[in-house]
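Residue numbers (the UniProt record's numbering): 1 to 419.
Ideal Cβ placement from N, Cα and C applies to all residues, glycine included.
Just so we're clear, the structure is a prediction, and the values are computed from it rather than from any experiment.
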Ligand SMILES: [Zn+2]
């Protein structure tokens, strides 16, 4: 047990003193020293007062009647130094505080202290938020969660999977569990994009001032309109000039296959992960391994069906394929990440110029197409040299025999955005 040593009390209103706390501290010290009688306590009391202080002057003048018992003495003390009543905050005040307790974008991905331990700012934010919700008496409800969630910076909201939470504990937990490193990445990405945007703004202003040539301004403006500080946009999305040109192989195919019109693929719909990290690559590799690609045999097809059933059971049939779900591969189709067309699972063309028209029964399921697009984007076509070339054989016996083309998966990832 620590020994109580009350601070010397002066009673002159200095900020470092709280009369009520001094009295408590004095009482604890007396208890520790087994000094119990009023007379003994009053004897000791004077020793804790500043020499010639207002408190000492007052103490020396305390009338005998007030010195009769410790209780009467306390009444006199409190009459001279009334305890400051800390007003209890109302529910509304806590709610207001809750809304004002915001997490600033600039602070994200930084460290701070919580109960003397280092932690991420978002973790500290979540802890205080939960405390405030508890004080406001709404912790067990969903009350105000969405308002508070909406004050979070986009880079945090983007990483939160759910829009709704059962209660504040749930919500605080979801925020706490966000990986600090991911937030740092997001933050850096945001800053980079903001810088680019500013540079572009400066350029635009300069051009407007000097050369009012409409073409230059138009070019910049259109570039401008495609730029966004919204960090959900993948830096790899080919909306901003990728400089990519399609190989002429497809043109030849088209001319020999007039039955089919070339249409942009709708198949490779992906919700693309923002940044390709080593962690993401490892996860994608693990998922590829988790879905063995079966041969086109009765057993293989049965195994594939079982994979699909299991996937639907786990994720729900209408769930969009993401870099976290993976997806089974149709037996007999091209090896994943081998430069295959994501729409039909064969080689020789890419999904934007797939010879099978959208809706053709021979096309792969959209979800599989999306998964193939995601894996190729993240890992590249690492299987292209080891994969068996798979050609699409048309019903009339025509076999597409064109050479493999250079597949640029990023180009395929862009699609209509529906599932
Ligand atoms: Zn195809």
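Residue state for residue 57 is assigned as helix, using DSSP reduced to three classes. Distance from the CA atom of residue 20 to the CA atom of residue 165, rounded to whole angstroms, is 43 angstroms. The Cβ-Cβ distance between residue 98 and residue 132 falls below 8 angstroms.
Sorting 192, 304, 314 and 136 by C-alpha distance to the C-alpha of residue 365 places 304 at the top. For the segment 103 to 174, the continuous alpha helix (DSSP H) assignments of 4+ residues that do not extend past its boundaries occur at 121 to 135, 145 to 150 and 154 to 157, in sequence order. Residue 305 sits in a helix when the DSSP states are folded into three classes. Residue 167 places its beta carbon less than 8 angstroms from that of residue 142. DSSP places residue 49 in the strand class (E or B) of the three-state scheme.
Selection 201, 162, 105 and 115 evaluated against residue 190 yields 105 as nearest (Cα-Cα). Taking a cut-off of 8 angstroms on C-beta distances, the segment 51 to 62 does not touch the segment 113 to 127, as fewer than three cross pairs fall below it. Ordered along the chain, residues surrounding ligand 1 are 341, 343, 344 and 354 [Cβ under 5 angstroms from any heavy atom]. Under the DSSP assignment, residue 280 falls in the alpha helix (DSSP H) whose first and last residues are 278 to 290. Rounded to whole angstroms, the gap between the alpha carbons of residue 280 and residue 152 is 25 angstroms. The beta carbon of residue 341 lies closer than 6 angstroms to those of 349, 350, 351 and 354 in the same chain, with the five residues before and after it left out. Residue 382 has its alpha-carbon roughly 23 angstroms from the corresponding atom of residue 296. Per the coordinates, the alpha-carbon of residue 156 lies some 17 angstroms from the alpha-carbon of residue 130. Here residue 9 carries a strand assignment [DSSP, helix/strand/coil].
Residue 385 counts as exposed, since fewer than 16 other beta carbons sit within 10 angstroms of its beta carbon. Bounds of the alpha helix (DSSP H) holding residue 201 are 180 to 210. Your pair residue 388 and residue 288 does not check out as a contact, with CB atoms roughly 17 angstroms apart and the cut at 8 angstroms.
Across the structure, residue 103 and residue 149 are spaced so that their CA atoms are roughly 10 angstroms apart. Relative to residue 81, the option among 277, 117 and 73 whose CA is nearest is 73. Each residue's CA atom was taken as its position, placing residue 301 and residue 311 some 15 angstroms apart. Check the Cα spacing between residue 330 and each of 309, 368, 361 and 337: the tightest is with 368. Per the coordinates, the alpha-carbon of residue 319 lies some 12 angstroms from the alpha-carbon of residue 370.
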